[in-house]
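Structure record follows, encoded as structure tokens.
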Amino acid sequence: MKIPTPIKAVLSYGALFGIVAVTFAAALKPVTLLNVSYDPTRELYEQINPAFARHWKEKTGQVVTIKQSHGGSGKQARSVIDGLQADVVTLALAYDVDALHEKGKLIPKDWQKRLPNNSAPYTSTLIFLVRKGNPKGIKDWDDLIKPGVAVITPNPKTSGAARWNYLAAWGYALRKNNNDEKKAQQFLARLFKNVPVLDSGARGSTITFVERGIGDVLINWENDVLLIAKKEHVGKYDVIYPSVSILAEPPVSIVDKTVDKRGTRAVAEAYLQFLYSDEGQEIAAKNFYRAQSPKVLEKYAAQFPKVELFTIDEVFGGWQKAQKTHFNDGGTFDAIYQGAK
Amino acid sequence: MTNKTRKVAVTVSALGTLWAANPGLAQESETIRELKSQVQELDQKLRIVERRLELEREAATEKSKSATSISAGAGGFGLRSADTNFVLKLRGYVQADSRWFLNDKIDANDTFLLRRVRPIFEGTVFDKYDFRVMLEFGSGASSSAANNGFVQDAYLNARFLPEFQVQFGKFKEPVGLERLQSGANLLFLERAYPTQLVPNRDVGVQLQGELFRGTLNYAVGIFNGVADGGSGDFETADDEKDGAARLFAQPFRNTSIDALKGLGIGLAGTLGNQEGPLRSFVSPGQQRIFAYRTSTSTNAPNVEADGDHWRLVPQGYYYWGPFGLFGEYAVSGQDVRQVSGGAGAGATAELRHTAWQVAASYVLTGEENSWRGITPTRPFNLSSGGWGAWEIAARYSELDLDDDTFPIFSNPNTSVTGAKSWAIGVNWHLNRNVKFNLNYEETDFEGGIQNPVAAQGKEQAILTRAQVSF
């Protein structure tokens, strides 16, 4: 059947108008995102989320609500692989995000290249929190292996922070022992002999140390340690920076399979990009994360003492290698912990 | 620090201060320091143990959330996924009966038998899709081209909404009230006459649901169609299909009027076209009392269904506390034809058989009476003194066969033209799973003077049952 031109025009414009109207209506429909994150980021994202919601509403007119889920980084990654419908993940280490590609095909292999700084909008490191007056005289990693010192750190099998702690200690021991792996392993074995309780996540370790009063030193994220010492329990603890530690780069990613299914890709991408904005960087710094923005980092320089930091690539050849050598079943951690028990 | 250790530490500390101030006690200050150190060490150990226990509890709770749960109880045995979207239940029941006939002259009808042996597999997949497979291995269970009697139920019910569910497969047609009651929850061992005029299980599709917060249940379906009292799972006689529908209301279910909450009334019916063999009817003692003329010879009468078939079944029940009342009436209209030679060859008629029953029961031990069975509040246990639930029951039921049935379509000498039965019973529910029944049922017959059962004037049957269901 031949359709007259004027009717064609009406149909075309009508269809176009319909598509625009539907798109517009869909855009204005309130949307919810789920951010699956690791343990100590609760406070950070409690501030980021409303700030982004305001930003998004001003920009698009759409109301966005962000839900948070927190737990040990490895455990959280497994939950997403098992079906937890996360729009974005903000985990403790790249290895856990890699797993979303390798075990669930939920994100592309090159996910880390999608955002600046290897998709790490902020960095941190691992330092010590001791009781007021530092009764055990703890100054560096060596002090953690002394007899009678109780060290609180979570389980590297389930916690991202714990893996960072472990690698920081290993890196220190290597440096001290001319890269002798055996001596580094012995060092870690002695350290874990001093660990009385192995929590599944960093937040659990904080509870063990702060609320249950167990242990002499807590190894934890710099942001968590500073939050405890400077905001939550002022005057009760001392912060100790070891001579050397590791540069932790907690990465973020959208979960492609979920955002495409839920139609939330645009808002999820904007959410992660917001972390790199001046406002996002400022909030991160206020929560004791080291901002990537030089401007913001400089502004908050006073709260981050200078400490020598090595990267995982430099010492361990990247996360995949570190995971395989140390944390996979049968790795050095298993050997160390079996011996330490 | 725990309260106890804190008190010890404070005491030790106070003593230390006192003794340190006293030169005479100064030499003991070292001992005090050691004691303080030991107390602190013990306190740490205690905290560590407490924290480890706390973590173990947390881990156990977390594990239980993601673990598949296995259950075993009065409701059967089951597996359930952590998100409850997938469920598998293993249920079933076994009825070990006996039948004893008083003052009869029929050989071999006093017997023990396995009335029903029914394993049931049921469950849910993807939250909204229920399935049920119930098999039958009771005495006399058989299979034919038209009906595989070993498969009683086999269906899928898609629960899209409580108000909108679609069921596919083989299951009970939504018609007879007593027929729809589970065989494990019957008041008497054998169902009354109206059940013989309504369809049993059939294969088809049914739309069903609950409306108005469960006060109105509806079901409407299309099935192959079966003869009165019959089951089927394969159409062998005709292309026609039966429509069946039922509305059942419990108007006071959600009100505060306790005396009326257990009132339910309904109307059900079928409409279709039926061809092929017809079924015989039996007495309460399950002895044949009526049969259409059948023959494989072309010179002898053979009667078959041949045309419209409809049924209408008003029904209702009333339960209040331990009291229960139950009744239904059934009328079945079936076009029949004498399809063979001999007397009445080619004759047709629309036969309307009717039946009704009313049954009352009372739970002597006070439990709530219900169409879905009785749960004893104090299960039978000699050591704790529980006696289970005791229930008494009485029933009256009649069957009236259309006068036009005789003599062309059925032999009035070998088939009864009607039957009237009364029954009394005692049911002992030891617990939710075990029940004993004792019934006495007496039946007077009309006609059928050469029928072995009816010829004796009446049937006096004592029926017993031991049932386990789970």
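Chains as they are written, first to last, in the numbering used here: chain W, 1 to 341; chain C, 1001 to 1470. For each residue, glycine too, the CB sits at the ideal point set by N, CA and C.
For A150(W), return the contacting residues in chain C, with the cut-off set at a CB-CB distance below 9 Å. The residue given as residue 150(W) occupies position 150 in the first sequence. Chain C residues near A150(W): Q1044 and I1048.
For A21(W), does the three-state DSSP call read helix, strand or coil? Counted from its first residue, the first sequence places residue 21(W) at position 21. Unreliable placement is indicated for A21(W), whose pLDDT of 48 sits below 50; the coordinate value is still reported in the next sentence. It is helical.
Could you have a look at H70(W) and say whether DSSP puts it in helix, strand or coil? Taking the first sequence and counting its residues from 1, the one referred to as residue 70(W) is at position 70. Strand, per DSSP.
Of all Cβ atoms in chain C, is any one closer than 8 Å to the Cβ of D199(W)? Along the first sequence, one-based indexing puts residue 199(W) at 199. Interface flag for D199(W) against chain C is set, since a Cβ pair is found closer than 8 Å.
How would you call K1063(C), buried or exposed, if buried means at least 16 neighbouring beta carbons within 10 angstroms? In the second sequence, residue 1063(C) corresponds to position 63, counting from 1. So K1063(C) ends up on the exposed side.
Whole-angstrom Cβ separation of L1263(C) and Q1250(C), contact assumed at under 8 Å? The sequence position of residue 1263(C) within the second sequence is 263, counting from 1. The sequence position of residue 1250(C) within the second sequence is 250, counting from 1. A Cβ-Cβ separation of about 7 Å places L1263(C) in contact with Q1250(C) under the 8 Å criterion.
Run the CB neighbour count on A99(W), radius 10 Å, all protein chains shown included, and call it buried at 16 or more, exposed below. As a first step, residue 99(W) must be located in the first sequence, where it is residue number 99. Buried, since its Cβ has 16 or more Cβ neighbours within 10 Å.
Assuming Q1338(C) and F1409(C) make a contact with CB atoms under 8 Å, what is their CB distance in whole Å? Along the second sequence, read from residue 1 onward, the residue named residue 1338(C) stands at position 338. Along the second sequence, read from residue 1 onward, the residue named residue 1409(C) stands at position 409. That belief holds up - the Cβ atoms of Q1338(C) and F1409(C) are roughly 7 Å apart, short of 8 Å.
So who's on the other strand from G1418(C), going by DSSP bridges? What you label residue 1418(C) is simply residue 418 of the second sequence in a count that begins at 1. G1418(C) is bridged to D1400(C) and E1446(C).
Using 8 Å as the threshold, is the C-beta distance between A1096(C) and A1466(C) below it? Start at 1 with the first residue of the second sequence, and residue 1096(C) comes out as number 96. Start at 1 with the first residue of the second sequence, and residue 1466(C) comes out as number 466. Their beta carbons are under 8 Å apart, which means A1096(C) touches A1466(C) by this criterion.
Does the pairing of the segment 1236-1246 of chain C with the segment 1209-1216 of chain C give three or more beta-carbon distances under 8 Å? Segments in contact, no.
Would you report the Cα separation of G74(W) and Y38(W), rounded to the nearest angstrom? To locate residue 74(W), count along the first sequence from 1; it is residue 74. To locate residue 38(W), count along the first sequence from 1; it is residue 38. Rounded to the nearest angstrom, the two C-alpha atoms are 8 Å apart.
Neighbouring residues, chain W, relative to L1055(C) (Cβ below 9 Å): What you label residue 1055(C) is simply residue 55 of the second sequence in a count that begins at 1. Those are V197, L198, D199, S200, G204 and T208, listed as they occur along chain W.
On the DSSP letters alone, give me the boundaries of the beta strand (DSSP E) that L1090(C) sits inside. For the purposes of this step, residue 1090(C) is identified with residue 90 of the second sequence, where counting begins at 1. In the DSSP assignment, L1090(C) falls within the beta strand (DSSP E) that extends over V1087 to L1102.
Same chain only: Cβ atoms within 7 Å of D140(W), ignoring 5 sequence neighbours per side: On the first sequence, position 140 is the one that residue 140(W) refers to. Excluding residues within five positions, the ones whose Cβ falls inside 7 Å are P242 and S243.
Strictly below 7 Å CB to CB, what residues from chain W border R1052(C)? Sequence index remark: in the second sequence, residue 1052(C) carries index 52 (1-based). Result: V197.
Taking only three categories from DSSP, how would you classify G1229(C)? Locating residue 1229(C) in the second sequence gives position 229, where the first residue counts as 1. Three-state result, G1229(C): coil.
Restricting to Cα atoms, I'd like to know which of G1138(C), L1312(C), A1072(C) and S1256(C) is closest to V1175(C). Position 175 of the second sequence, counted from the first residue, corresponds to residue 1175(C). Selected option, being the one with the closest Cα: L1312(C).
Around the C-beta of A184(W), are 16 or more other C-beta atoms found within 10 angstroms, so that it is buried, or is it exposed? Sequence index remark: in the first sequence, residue 184(W) carries index 184 (1-based). In the assembly as shown, A184(W) is a buried residue. Its beta-carbon has 16 or more other beta-carbons within 10 Å.
Taking only beta-carbon positions, decide if I214(W) is within less than 8 Å of chain C. Here residue 214(W) refers to the residue found at position 214 when the first sequence is read from its first residue. With respect to chain C, the C-beta atom of I214(W) has a partner C-beta closer than 8 Å.
Just how far apart, CA to CA, sit E1235(C) and R265(W)? If you number the second sequence from 1, residue 1235(C) lands on position 235. If you number the first sequence from 1, residue 265(W) lands on position 265. For the pair E1235(C) and R265(W), the Cα-to-Cα distance works out to about 54 Å.
Enumerate in chain order the residues of its own chain whose CB-to-CB distance from T1294(C) is below 6 Å, with the five nearest sequence positions on each side excluded. In the second sequence, residue 1294(C) corresponds to position 294, counting from 1. Excluding sequence neighbours, T1294(C) sits near N1302.
Using a 10 Å radius around the Cβ and a threshold of 16 neighbouring Cβ atoms, would you call K1435(C) buried or exposed? Here residue 1435(C) is taken as the residue at index 435 of the second sequence, counted from 1. By the beta-carbon neighbour count (other beta carbons within 10 angstroms, threshold 16), K1435(C) is buried.
Are at least three pairs of beta-carbons, each pair with one atom in the segment 1352-1363 of chain C and one in the segment 1326-1343 of chain C, less than 8 Å apart? Result yes; three or more Cβ-Cβ pairs closer than 8 Å.
Chain-order list of residues whose beta-carbon lies under 6 Å from that of L1187(C) (same chain, five-residue window excluded): Locating residue 1187(C) in the second sequence gives position 187, where the first residue counts as 1. Non-local beta-carbon contacts of L1187(C) in its own chain, meaning distances under 6 Å to residues more than five positions away in sequence, involve A1359, S1361 and A1393 in chain order.
Roughly how many angstroms separate the alpha carbons of E1056(C) and T258(W), rounded to a whole number? On the second sequence, position 56 is the one that residue 1056(C) refers to. On the first sequence, position 258 is the one that residue 258(W) refers to. Approximately 33 Å between the Cα atoms of the pair.
Reduced DSSP category for W1520(C) - H, G, I as helix; E, B as strand; rest coil: Within the shown structure, residues of chain C are numbered from 1001 to 1470, placing residue 1520(C) beyond reach of any answer.
I need the DSSP call for F192(W), collapsed to helix, strand or coil. Residue 192(W) sits at position 192 when you count from the first residue of the first sequence. If DSSP states are grouped into helix, strand and coil, F192(W) belongs with the helices.
Use the C-beta contact count for I1257(C): other C-beta atoms within 10 angstroms, 16 or more gives buried, fewer gives exposed. Counted from its first residue, the second sequence places residue 1257(C) at position 257. Using a 10 angstroms sphere on the CB of I1257(C), the tally of other CB atoms stays under 16, which defines it as exposed.
By alpha-carbon positions, which one of S1297(C), F1470(C) and V1282(C) ends up nearest to G1418(C)? Residue numbering aside, residue 1418(C) sits at position 418 when the second sequence is read from its first letter. That would be V1282(C), whose Cα lies nearest to the Cα of G1418(C).
Skipping 5 residues on each side, what residues in its chain have a beta carbon closer than 6 Å to that of P251(W)? Residue numbering aside, residue 251(W) sits at position 251 when the first sequence is read from its first letter. Exclusion of the five residues before and after P251(W) leaves A94, V97, S119 and A120 as the residues of its chain whose Cβ lies within less than 6 Å of its Cβ.
Sort out for me which residues DSSP pairs K1170(C) with in a bridge. As a first step, residue 1170(C) must be located in the second sequence, where it is residue number 170. Per DSSP, A1154(C) and V1203(C).
Per DSSP, W1320(C) forms a beta bridge with which residues? Working through the second sequence from its first residue, we reach residue 1320(C) at position 320. Here W1320(C) is bridged, per DSSP, to F1323(C).
Distance between K103(W) and V88(W) (C-alpha atoms, nearest Å): One-based indexing of the first sequence puts residue 88(W) at position 88. One-based indexing of the first sequence puts residue 103(W) at position 103. Taking the straight line from one Cα to the other gives about 17 Å.
With DSSP run on the structure shown, which of helix, strand or coil describes Y337(W)? Numbered from its first residue, the first sequence carries residue 337(W) at position 337. Correct three-state label for Y337(W): helix.
Would you tell me roughly how many angstroms separate the C-alpha atoms of A1461(C) and W1100(C), rounded to the nearest one? Position 461 of the second sequence, counting from 1, holds the residue named residue 1461(C). Position 100 of the second sequence, counting from 1, holds the residue named residue 1100(C). Each residue's Cα considered, the two are about 6 Å apart.
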